[in-house]
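Asker: Structure below; questions to follow.
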Amino acid sequence: MSSVSYAFLDNAPVIPVIAIQKLEHAVPLAEALVAGGITNLEVTLRTQHGLKAITLIRDQVKGANVGVGTVCNATEFDSAVDAGANFVVSPGQSDALFDRALLTNIPFLPGAVTATEVMASKEAGFNVLKFFPASTSGGADAIKAFAGPFADLQFVPTGGINLDNAASYLSLSNVRAVGGSGLTPADAIQNGQWEHITQIAREASQLGA
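Okay, here's the thing in structure tokens:
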């Protein structure tokens, strides 16, 4: 198993999945989330601003532990680390990603939703996995079932998770944290409603307590 520490996941139960549409939103959005007690921030590569946003948050937002999501190949992994990402999340897995991650001390969460994918991740040396898309892959019941054959593995489910159903995932012994975009509603970001986002973050930070 990888000796890389995933202790940062214990600092907040929910990881916001952030797609930055306008670069000027990156810093105030991150500040609003951190003010509400949400410190692990997953900035996805779904938009052209992802890498620049990671660097800005790393440099300007005290208390933020910024990571990267939607990493699908080794080149994107390297670019994210160069931008300052402190952890890397992928919706899936590949031998190239496994190999690249094992050459670093960066926490990597490969995606896995089937027993075969979970086994491949475990054999590669990873014991904390992304479960995506959670809601259409069996949800909390599927993750709970994995606790039997894979008792030494933990999951961070994302996809269809919100403040209403997050507790059902966080109550599972093999769920380390959950991720979702519900902490960053697009209209609130567009309108600069940072205090509203801070309030959502406060509610999320109490989940699983």
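For the sequence shown, position 195 matches number 221 in the working numbering, and the numbering has no gaps at all.
Cβ atoms here follow ideal geometry from the backbone N, Cα and C, with glycine treated the same way.
1. Let me check one thing: in DSSP terms, what residues is L95 bridge-paired to?
2. For S194, which residues in the same chain have their Cβ closer than 6 angstroms to its Cβ, ignoring the five residues on either side in sequence?
3. Can you check which of these residues, N188, P159, N200, is closest to G174 by C-alpha distance?
4. Taking the DSSP output, what are the residues bridged to P183?
5. Taking the Cβ atom as the reference point for each residue, do L55 and I46 lie within a distance shorter than 9 angstroms?
6. Which value, in whole angstroms, describes the spacing of the CA atoms of H222 and G118?
7. For L198, which of helix, strand or coil comes out of DSSP?
8. Quick check on T224: does DSSP put it in helix, strand or coil?
9. With the cut-off set at 9 angstroms, would you say G63 and R202 are in Cβ contact?
10. Is it true that the CB of V154 sits closer than 9 angstroms to the CB of L49?
11. How would you label N217, buried or exposed, when you count the other beta carbons within 10 angstroms and need 16 or more for buried?
12. Going by beta carbon distance, what residues of the same chain come within less than 6 angstroms of E57, once the five residues before and after it are set aside?
13. Give every residue of the same chain whose Cβ lies closer than 7 angstroms to the Cβ of L82, excluding the five residues on either side of it in the sequence, and list them in chain order.
14. Between which two residues does the alpha helix (DSSP H) carrying P175 extend?
15. In the structure shown, what three-state DSSP assignment does V43 receive?
16. For the alpha helix (DSSP H) that G76 lies in, which residues bound it at each end?
17. Indicate the three-state DSSP secondary structure (helix, strand or coil) for F152 in the structure shown.
18. Quick one: what does DSSP say V204 is sitting in, helix, strand or coil?
Answerer: Considering the structure as presented:
1. Within the sequence shown, residue 95 is the residue found at index 69, counting from 1. Sequence check: residue 95 is Gly here, not Leu. BP columns for G95 point to T70.
2. Working through the sequence shown from its first residue, we reach residue 194 at position 168. Around S194: A166.
3. By one-based count along the sequence shown, residue 174 stands at place 148. With distances taken between Cα atoms, G174 lies closest to N200.
4. As a position in the sequence shown, residue 183 is number 157, starting the count at 1. Answer is F157.
5. To locate residue 55, count along the sequence shown from 1; it is residue 29. To locate residue 46, count along the sequence shown from 1; it is residue 20. Against a cut-off of 9 angstroms, the Cβ pair of I46 and L55 comes out as a contact.
6. As a first step, residue 222 is located in the sequence shown; it is residue number 196 there, counting from the start. As a first step, residue 118 is located in the sequence shown; it is residue number 92 there, counting from the start. In a straight line, the C-alpha of H222 is about 32 angstroms away from that of G118.
7. As a position in the sequence shown, residue 198 is number 172, starting the count at 1. Correct three-state label for L198: coil.
8. Taking the sequence shown and counting its residues from 1, one reaches residue 224 at position 198. Looking at T224 - three-state DSSP - the assignment turns out to be helix.
9. For the purposes of this step, residue 63 is identified with residue 37 of the sequence shown, where counting begins at 1. For the purposes of this step, residue 202 is identified with residue 176 of the sequence shown, where counting begins at 1. In this structure, R202 does not lie closer than 9 angstroms to G63 by Cβ.
10. Reading the sequence shown from its first residue, position 23 is the one you call residue 49. Reading the sequence shown from its first residue, position 128 is the one you call residue 154. Against a cut-off of 9 angstroms, the Cβ pair of V154 and L49 comes out as no contact.
11. As a working note, residue 217 is residue 191 in the sequence shown. It counts as exposed.
12. If you number the sequence shown from 1, residue 57 lands on position 31. Within the same chain, E57 has close Cβ partners V87.
13. Along the sequence shown, one-based indexing puts residue 82 at 56. If we look at L82 and ignore the five residues flanking it on each side, its Cβ neighbours are A52, V53.
14. Reading the sequence shown from its first residue, position 149 is the one you call residue 175. No alpha helix (DSSP H) contains P175, which DSSP labels as neither H nor E.
15. As a working note, residue 43 is residue 17 in the sequence shown. Correct three-state label for V43: strand.
16. In the sequence shown, counting from the first residue as 1, residue 76 sits at position 50. From DSSP, the alpha helix (DSSP H) with G76 extends over 76 to 86.
17. On the sequence shown, position 126 is the one that residue 152 refers to. Three-state result, F152: coil.
18. Reading the sequence shown from its first residue, position 178 is the one you call residue 204. Three-state result, V204: strand.
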